[in-house]
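Enquirer:
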Amino acid sequence: MLGRSLSEAVNKIRHCERCNTFSEQSLCDTCASTRRDPGLLCVVETPADQLVLEQTLSYSGYYFVLMGRLSPLDGIGPSDLHMHRLIDRINDGLVSEVILATNFTAEGEATAHYLGAMLKRQGLKVSRLARGVPVGSELEYVDASTIAQALRDRKRLGSND
Numbered sequence: 471m472l473g474r475s476l477s478e479a480v481n482k483i484r485h486c487e488r489c490n491t492f493s494e495q496s497l498c499d500t501c502a503s504t505r506r507d508p509g510l511l512c513v514v515e516t517p518a519d520q521l522v523l524e525q526t527l528s529y530s531g532y533y534f535v536l537m538g539r540l541s542p543l544d545g546i547g548p549s550d551l552h553m554h555r556l557i558d559r560i561n562d563g564l565v566s567e568v569i570l571a572t573n574f575t576a577e578g579e580a581t582a583h584y585l586g587a588m589l590k591r592q593g594l595k596v597s598r599l600a601r602g603v604p605v606g607s608e609l610e611y612v613d614a615s616t617i618a619q620a621l622r623d624r625k626r627l628g629s630n631d
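Going from the sequence shown to my numbering is simple: count from 1 and add 470.
1. Would Ser493 pass as a contact of Arg505 if the rule is Cβ separation under 8 Å?
2. Taking the CB atoms as reference points, tell me whether Cys512 and Ala600 lie closer together than 8 Å.
3. Would you mind reading off the limits of the beta strand (DSSP E) that contains Lys595?
4. Considering only the beta carbon of each residue, do Gly578 and Glu515 sit closer than 8 Å?
5. Let's test the definition: count the other Cβ atoms within 10 Å of the Cβ of Asn490 and tell me whether it reaches 16, buried, or not, exposed.
6. Does DSSP put Leu570 in a helix, in a strand, or in coil?
7. Can you give the beta carbon distance from Thr529 to Leu523, rounded, assuming they're within the 8 Å contact cut?
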């Protein structure tokens with residue numbers, strides 16, 4: 471029973487043609503939606519990252535799922551992350567801003583840096599998820615590197631910057 475279910479899943483599941491996430495159809499439900507902002511494209515590492523962002527109910531654009539991150543030590547380069555599909559996606563004439571939502575690991579940062587440089591050359595507005603002190607936390611329990619990053623990324627009060 472379990473073996474048959476797994477076999478059926480392998481045969482039914484494929485990558486969405488637009489965003490590269492897992493789907494049973496050629497377009498996933500997110501990409502098939504007409505209620506989203508076509509000017510926004512959020513790049514994430516995995517379908518799980520996409521799901522977490524969706525659960526916030528605060529993002530209304532589309533996604534592109536890399537299915538990984540750059541990791542030269544592991545032999546994972548740009549061609550392994552479907553970068554050609556991402557370029558095709560941003561060249562649709564609708565995308566005006568790309569939000570880089572890769573993880574804040576060394577590999578995630580390297581991936582964001584690589585993508586940011588590549589996408590800026592395409593003339594797009596490129597932004598990165600903010601990072602800092604978690605909401606509801608106390609400073610004495612936050613690690614020093616997170617506090618240092620929060621200080622560097624601080625915002626002036628009363629500013630829309």
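Glycine residues also receive a C-beta, built at the ideal position from the N, C-alpha and C atoms.
Expert: Taking the definition as stated:
1. Taking a C-beta distance under 8 Å as the contact criterion, Ser493 and Arg505 do not qualify as a contact pair.
2. Going by C-beta atoms, Cys512 is not nearer than 8 Å to Ala600.
3. Run containing Lys595: 595-598, per the beta strand (DSSP E) assignment.
4. Yes, the Cβ-Cβ distance between Gly578 and Glu515 is below 8 Å.
5. The residue in question, Asn490, is buried, as its Cβ has 16 or more Cβ neighbours within 10 Å.
6. Strand, per DSSP.
7. Looking at the sequence itself, residue 529 is Tyr, so the reference to Thr does not match. Yes, Tyr529 and Leu523 are in contact; Cβ-Cβ is about 5 Å, under 8 Å.
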